[in-house]
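Notes for the one structure printed next.
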Amino acid sequence: MSSEEPAYDFLARAARRAARGPAPLVAGLFEAWRKAFPDEDPAAALACSGRALTELALCRRPRDEHWVGDVAEIAGALGIDADRLISLLRAAEAVERFGSAHPADASQAGRLLAARDHEADE
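Numbering (full-length UniProt numbering), first residue to last: 1 to 122.
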């Protein structure tokens with residue numbers, strides 16, 4: 001066991017907690033992205049290591065007025081391709097905004113599932 005593993009475990013736990021909290025961290029965007037793309041691995045989408053993904057999750061979200069510059073700075077610091085990061089974060093922001101604008105309740109979830117089941121039968 002390397003001396004980095006306990007520190008990485010601590011970072012990973014912090015990132016998971018941050019995703020559920022109110023802080024404006026990238027971890028919250030990962031939660032939205034994972035809900036929309038449950039079969040996709042964000043590390044694979046970004047072509048980065050799990051450690052880089054954990055560190056990314058703990059970064060503050062890009063500021064609206066400096067969005068592209070902030071993303072480029074984050075990508076450079078973590079060794080992640082900026083274009084891939086832009087694509088992932090934009091998709092996550094869109095999912096997050098759509099979810100907050102159109103929240104689904106339990107009764108809607110059943111209707112949507114039924115609609116999907118019906119389409120699958122055709």
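Beta carbons are placed, not taken as given, at the ideal position from N, Cα and C, and that holds for glycine. Predicted model only: the values in this text are computed from it and were never measured.
Cβ-Cβ separation, residue j to residue i (assumed contact under 8 Å), whole Å
i	j	result
ILE80	LEU58	That pair is no contact at about 14 Å.
C-alpha gap between residue i and residue j, whole angstroms
i	j	result
ARG60	PRO38	23 Å
residue 183	ALA77	The requested residue 183 is not part of the displayed model; the chain covers only 1 to 122.
LEU112	ARG16	Per-residue confidence for LEU112 stands at a pLDDT of 49, beneath the threshold of 50, marking its modelled position as unreliable; no derived number is given.
MET1	CYS48	In this prediction, MET1 has a pLDDT of 47, which is less than 50 and means its spatial position is unreliable; what the coordinates show is noted afterwards. Those two C-alpha atoms are separated by around 22 Å.
LEU56	TRP67	15 Å
residue 181	ALA14	The chain is shown from 1 up to 122; residue 181 falls before or after that span and cannot be answered.
Residue i versus the options, residue with shortest Cα-Cα distance
i	options	result
ALA94	PHE10, PHE30, ASP9 and ALA14	PHE30
PRO62	ASP83, LEU89 and ALA36	LEU89
PHE98	VAL26, ILE86 and LYS35	LYS35
Backbone secondary structure at residue i - three-state DSSP
i	result
ARG34	helix
ARG111	Because ARG111 sits at a pLDDT of 49, beneath the cut-off of 50, its placement in the model cannot be relied upon, and the point is left open.
Nonlocal neighbours in the same chain, by C-beta distance under 8 Å from residue i, ignoring five residues either side
i	result
PHE10	none
Spatial neighbours of residue i in its chain, beta-carbon cut-off 7 Å, leaving aside the 5 residues before and after
i	result
VAL26	LEU56, ALA57, CYS59 and ARG61
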